[in-house]
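*Asks:*
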Amino acid sequence: MVQVVAVENLFFAQGNNMIVASWNVNSITVRLESVLKWLNIAQPDILCLQETKSVDNKFPALAFQQVGYHSEFIGQPSYNGVAILSKLPLTDVEKHFEPEEVPSQKRFIKADYQGSTIINTYIPNGQALGSEKFSYKIDFLNTFERYLSAKYKPSQPIIWCGDFNIAPEGIDTFDIAQTDGQIMCSEQERALLERIKSWGFTDTFRQHNKEPGQFSWWDYRVGAFRRNLGYRIDHIWATETLSKTCNQSWIDIEPRKWERPSDHAPVLATFRTI
DNA sequence: ATGGTTGTAAAACAA
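Residues -14 to 259 in my numbering are what the first sequence lists, from first letter to last.
1) E36 by DSSP, collapsed to three states: which one?
2) Reducing DSSP to helix, strand and coil, say where T224 ends up.
3) Once you ignore the five residues that flank N65 on each side, which residues in its own chain have a CB closer than 7 Å to its CB?
4) If we count the other Cβ atoms within 10 Å of its Cβ and call it buried at 16 or more, is S201 buried or exposed?
5) According to DSSP, simplified to helix, strand and coil, what is Y107?
6) Answer yes or no: do C146 and V5 have a C-beta to C-beta separation smaller than 8 Å?
7) Taking one C-beta from the segment 123 to 141 and one from the segment 178 to 191 each time, how about it: are there three or more such pairs within less than 8 Å?
8) Buried or exposed: P251, going by 16 or more other Cβ atoms within 10 Å of its Cβ?
9) Got a sec, what are the start and stop residues for the alpha helix (DSSP H) W23 sits in?
10) So, are the CB atoms of H249 and W23 less than 8 Å apart?
11) Along the beta strand (DSSP E) that carries E57, what are the first and last residues, could you check?
12) Determine the direct distance from the alpha carbon of Q51 to that of A176, and round the result to whole angstroms.
13) With distances taken Cα to Cα, identify the nearest neighbour of Y121 among R131, P109, Y132.
14) Please list the segments of the beta strand (DSSP E) lying wholly inside the segment 183 to 256, counting only runs of 3 or more residues, in order along the chain.
15) Examine the Cβ distances between the segment 225 to 241 and the segment 156 to 174 and report whether three or more of them are shorter than 8 Å.
16) Could you pull the start and end residues of the alpha helix (DSSP H) that S63 belongs to?
17) For G215, count neighbouring C-beta atoms within 10 Å of its own C-beta (all shown protein chains included) and say buried if the count is 16 or more, exposed if not.
18) Just to confirm my understanding: we take T224, look at its own chain, exclude 5 residues before and 5 after, and list those with CB closer than 7 Å. What are they?
19) Alpha carbon to alpha carbon, how far is L114 from K80?
20) Which of helix, strand or coil does DSSP assign to S101?
21) Less than 7 Å between the CB of I31 and some heavy atom of the ligand FMN, yes or no?
22) If I'm right that A68 touches L34 with Cβ under 8 Å, what's the distance once you round it to whole angstroms?
23) Could you tell me whether the Cβ atoms of Y98 and I151 are closer together than 8 Å?
24) Would you check if the distance between the CB atom of Q292 and the CB atom of C231 is smaller than 8 Å?
25) To the nearest angstrom, how far is the alpha carbon of E130 from that of S247?
26) Please report the straight-line C-alpha distance between W28 and H55, rounded to a whole angstrom.
27) Applying the 10 Å Cβ sphere with the 16-neighbour rule, what's the burial state of N105?
28) Report the option in W243, F119, A162, V207 whose CA atom is closest to the CA atom of L17.
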């Protein structure tokens, strides 16, 4: 048994794993130094970013190139914006999943990487149940589900990750009683996300971690991080061919402790590639 | 935990 572990560690050391990460950075301009620092530490093969809040001609592609990362991105002024950074080039990049004639918020980017499809979404927050923004969130999820089932098959190797703005279960928040039925924790959001999941995804984090109290987002307000009043709303989901090869998945809360942090922490998963 | 903080961008709005 010890030998088996040793062999796996050897594979790990040889780089026969793909490390995929997802991080809502809440402005790539403000967070650039933190992201560069974290890339150097974590060395992900793929880093999906959300809330870059950068127009494309200001996206720091050169800074990432200088530390060995390709980047594909789609942004807009002030809000939203997503990107995929990668060690090897990305192909078949798409920046819309809705019909082209619909002017969309920049919340989706997809690319292929080494035979796998990487889908990165910044799902709308939804603000409050019953609001217009909540309807937009529900519409977004329904449209995404149609896109997924029309374009892909669950037998394909697909990673869907990003800021989902939904805590899938009660154990994914700091207090079930306080959060159940609220935004990110409503039955409607959870049922819809579960329906999309049932198309063929595994939550790689829950594949490897069963315990409650594991969070990826803490509100800047009310000292939420210090008090660990968090939610697990950032996810890396994989179809079966990939989830079968997923070694581990975790949330790295260290960057949430750094100076001027994002309110989100990065989520990671590793996949055996041989 | 019912206000508070952060980011964008220049006053509200989003989260």
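Backbone N, C-alpha and C define an ideal beta-carbon position, used for all residues, glycine too.
Keep in mind it's a predicted model, so treat the numbers as computed, not measured.
*Replies:* Let me spell this out:
1) coil
2) coil
3) E36, Q90, K91, R92, Y107
4) buried
5) strand
6) yes
7) yes
8) buried
9) 13 to 27
10) no
11) 55 to 59
12) 43 Å
13) P109
14) 219 to 223, 231 to 236
15) no
16) Per DSSP, S63 belongs to no alpha helix (DSSP H) and is neither H nor E.
17) buried
18) P139, Q141, P142, I143, G185, F186
19) 28 Å
20) strand
21) Absence of the ligand FMN from the depicted structure is noted, as is the absence of any ligand whatsoever, leaving it without description.
22) 4 Å
23) no
24) Nothing can be reported for residue 292, as the shown portion of the chain is limited to -14 through 259.
25) 29 Å
26) The displayed chain sequence assigns Gln, not Trp, to residue 28. Using only the alpha carbons, I get a separation of about 13 Å.
27) buried
28) W243
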